[in-house]
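Q:
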């Protein structure tokens, strides 16, 4: 039996993805099955939060979902984003995604090279006079708010989209050898869909400290996590495969 790896995200749009390179190199099977799905917010629900986007001078994006739903909801709300709006992003990947909606080169965009929120905050502090707005998911924590408070920054947050469990079908098997989680919501979805889930020999990889904490709180064993040497999920998986032969992974 071929070792089966569940990546709890949508399938990459390019066949040049490192995930597919791992499939060919090691003879494993990659299955892309999101544990969560994102749904848009109705304009009336956003208005109920009584937050004025035009009253801000900078937007903080931590994900591409945030970018999509911010610009789409602004369009529905008929909110015009001024050309001099500044954007502060968690990573370069997130920052580049903004060009889907605006002319990137004409905008002031800031991001840390590490892709870490903790390294974005000092950049924001250098622009202390800005009034920051943070689009959030319905499943957000207060972590971002607390960091901005601690830095003494002027900011507001508002939910702009919903993150909900992507339920498995009643007859859908869970026959994976490795499972990769990208968010706490993914962990919660697993426990919702499979309340009697027993990890056993299934290896689990988690991206981010909050995801690791959620996995441990759910009684799961975290076998793989990002390190300075292994900074991407494909790198984590390849390292795990190298350290365990296929017979071990199949158990």
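In our numbering, the protein residues as written are 14 to 264. Think of the CB as a built atom: it goes at the ideal place given N, C-alpha and C, for glycine as much as any other residue.
1) Consult DSSP for residue 164 and reduce its assignment to one of helix, strand or coil.
2) My understanding is that residue 220 touches residue 195, with C-beta atoms under 8 Å, so please give their C-beta distance in whole angstroms.
3) Quick one, are the C-beta atoms of residue 73 and residue 148 less than 9 Å apart?
4) Kindly examine the ligand COA and report whether one of its heavy atoms sits closer than 8 Å to the Cβ of residue 164.
5) What is the residue span of the alpha helix (DSSP H) that residue 217 lies within?
6) For residue 30, which option in 252, 247, 255, 256 has the closest C-alpha, if you only look at C-alpha atoms?
7) Who are the Cβ neighbours of residue 210 in its own chain at under 7 Å, not counting the five residues just before and after it?
8) Would you mind reading off the limits of the beta strand (DSSP E) that contains residue 19?
9) Measure the C-alpha to C-alpha separation of residue 28 and residue 94 and round it to an integer number of angstroms.
10) Between the C-alpha atoms of residue 257 and residue 41, what's the straight-line distance to the nearest angstrom?
11) Hey, is the region 184 to 192 in contact with the region 155 to 167, meaning 3+ C-beta pairs nearer than 8 Å?
12) Tell whether a beta-carbon distance below 9 Å holds between residue 81 and residue 120.
13) How would you label residue 199, buried or exposed, when you count the other beta carbons within 10 angstroms and need 16 or more for buried?
14) Determine the contact status of residue 179 and residue 45, defining contact as a CB-CB distance below 9 Å.
15) Taking the alpha-carbon positions, what's the residue 56 to residue 174 distance?
16) Less than 9 Å between the C-beta atoms of residue 166 and residue 138, yes or no?
17) By Cβ distance below 6 Å, which residues in the same chain neighbour residue 223 in space, the five residues on each side in sequence not counted?
18) Evaluate residue 241 with the Cβ neighbour count: other Cβ atoms within 10 Å of its Cβ, from every protein chain shown; 16 or more gives buried, anything less gives exposed.
19) Look at residue 133 and residue 84 and say whether their C-beta atoms are less than 9 Å apart.
20) When DSSP builds the beta bridges, which residues end up paired with residue 50?
21) Roughly how many angstroms lie between the CA atoms of residue 339 and residue 91, to the nearest whole one?
22) Quick one: Cα of residue 68 to Cα of residue 188, how far?
23) Within 10 angstroms of its Cβ, does residue 213 collect 16 or more other Cβ (buried), or is it exposed?
A: According to the data block:
1) coil
2) 5 Å
3) yes
4) Here there are no bound small molecules, and the ligand COA is not part of this structure.
5) Per DSSP, residue 217 belongs to no alpha helix (DSSP H); it is in the beta strand (DSSP E), 216 to 219.
6) 247
7) 203, 204
8) 17 to 20
9) 35 Å
10) 13 Å
11) no
12) no
13) buried
14) no
15) 10 Å
16) yes
17) 197
18) exposed
19) no
20) 177
21) The structure shown does not extend to residue 339, since the chain spans only 14 to 264, so no value can be given for it.
22) 50 Å
23) exposed
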